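Below you'll find the structure, written out as structure tokens, and then a few comments.
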Amino acid sequence: MTAFDPELAEALAGLPSGPPLSAESLAGMRQAMADMNLSCAEAIGERDLVWEDRAVPGTEVVVTVVKPRNAQGAPGFYNIHGGGMVLDNRFADLPRMVALVEEFGFVAVTVDYRLAPEHPHPAPLEDCYAGLTWMAENAAELGFDPSRLIVGGGSAGGGLSAGIALLARDRGGPELAGQLLLCPMIDSRNDSASTREFAERGVWGREANEFGWRSLLKGQTSPYAVPSTATDLTGLPPAFIEVGAAEIFRDEDVDYARRLWRAGVPTELHVWAGAYHGFDRFAPDSEVTRAALAARASWLRRTIGRA
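Residue numbers (the working numbering): 2 to 308.
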């Protein structure tokens, strides 16, 4: 049995326990997660950054823009939050986003998309695509270079980012410089060796994963919703894939990286020993997290520099 990294295991032991994810517990879990998320003012603090909420015309989509003051010709980062397709909101990734804006000068946009099961596929995907299209079309106003636009997110946000990359390719844009896929949720089959090994260990288990996919798909099938089922991965933007060796998404993410390589897509894969799902959030000061953040930063520097 794969062991957790000692630092990460210590952090995991300190997490409060909650009810299993289900239709009955969903509303309470959504509220609890919303209550934990920082506001823009809290996440930015004293940094010289500005933020604003914007509505995407013709849709119900709302995004939040975080950027350096007087941004001009900056790289762009489009963030899609996680939550198993059923939880959380656009503020969930503010600490990660603010750090990226501060380090790289990104103009960053984070999107609220409609959640399953109330809004099954294709609603979440189309909301994310609408936000991305709005961002690209308003590059000059927002102050970023559309040729250096990266899409990214973790867990469900990573899966939606992969789906958006496929959709943007097939719809002829927006052009993407890269896709940052952090422990992406991309295979609804939920039957790999890692899903069985970590079915009840770590942060996100097999039962919760099944609930998320069932809520999203409701009997449908689509490679944009389930990127692991896409048969053609050619022509996609360069990818960075990160996953823990001790989480359910390990095998599907490694397989996706292999398929991207075979399709000729420049892809970087990091599998962190002893790491469970979302380890960087729960153990931000651990050695594994420091190494993971350094690897992400290296890829981002190389990607936005050559776009």
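Cβ atoms here follow ideal geometry from the backbone N, Cα and C, with glycine treated the same way.
Computed from a predicted structure; not experimentally measured.
Beta-carbon gap between residue i and residue j smaller than 9 Å
| i | j | result |
| --- | --- | --- |
| Trp300 | Val289 | no |
| Ala295 | Asp252 | no |
| Ile305 | Arg149 | yes |
| Gly74 | Gly144 | yes |
| Leu346 | Ser40 | Given a span of 2 to 308 for the chain in the structure shown, any question on residue 346 remains unanswerable. |
| His271 | Ala298 | no |
| Gln180 | Pro239 | yes |
| Ala56 | Val63 | yes |
| Leu133 | Arg31 | no |
| Phe78 | Val112 | no |
| Pro121 | Leu217 | yes |
| Ala140 | Phe92 | no |
CB-CB length for residue i against residue j, believed under 8 Å
| i | j | result |
| --- | --- | --- |
| Val67 | Met98 | 6 Å |
| Gly154 | Asn80 | 6 Å |
| Met86 | Gly220 | Actually they are not in contact, since the Cβ atoms of Met86 and Gly220 sit about 15 Å apart, beyond 8 Å. |
Local Cβ density within 10 Å of residue i, reported as buried at 16 or more and exposed below that
| i | result |
| --- | --- |
| Glu248 | buried |
| Ser23 | exposed |
| Met37 | exposed |
| Ala109 | buried |
| Ala284 | buried |
| Pro76 | buried |
Same chain, Cβ closer than 6 Å to residue i, neighbours up to 5 away in sequence not counted
| i | result |
| --- | --- |
| Trp205 | His278 |
| Glu269 | Phe241, Trp300 |
| Ser156 | Gly83, Cys184, Met186 |
| Tyr225 | Leu126, Gly164, Leu167, Leu168 |
| Val227 | Ser189 |
| Gly158 | Ile81, His82, Gly83 |
| Ala12 | Phe283, Ala284 |
| Ala137 | Pro147, Pro175 |
Residues bridged to residue i [DSSP beta-bridge criterion]
| i | result |
| --- | --- |
| His271 | Glu243 |
| Gly179 | Ile151 |
| Asp113 | Val63 |
| Ile45 | Paired residues: none, contrary to the question. |
| Asn80 | Thr111, Gly153 |
| Val51 | Lys68 |
| Phe145 | Ala75 |
| Ala166 | According to DSSP, which records beta bridges pairwise, Ala166 is partnered with nothing at all. |
| Ala56 | Val63 |
Sequence-distant residues of the same chain with beta carbon closer than 8 Å to residue i, five excluded per side
| i | result |
| --- | --- |
| Val200 | As written in the sequence, residue 200 is Ala, which differs from the Val given in the question. Hits under 8 Å: Gly206, Arg207, Glu208, Ile249. |
| Glu211 | Asn191 |
| Pro58 | Trp135 |
Beta carbon proximity, residue i to chain B, threshold 9 Å
| i | result |
| --- | --- |
| Gly19 | The structure shown has no chain B; it contains just one protein chain. |
Neighbourhood of residue i by C-beta, 7 Å cutoff - its chain only, sequence neighbours within 5 removed
| i | result |
| --- | --- |
| Gly265 | Thr235 |
| Ala246 | Thr3, Val272, Trp273, Ala274, Gly275, Ala276 |
| Tyr130 | Ile165, Leu168 |
heavy atom of the ligand NAP below 8 Å from residue i C-beta
| i | result |
| --- | --- |
| Met34 | With respect to small molecules bound, the structure shown includes none, and the ligand NAP cannot be examined in it. |
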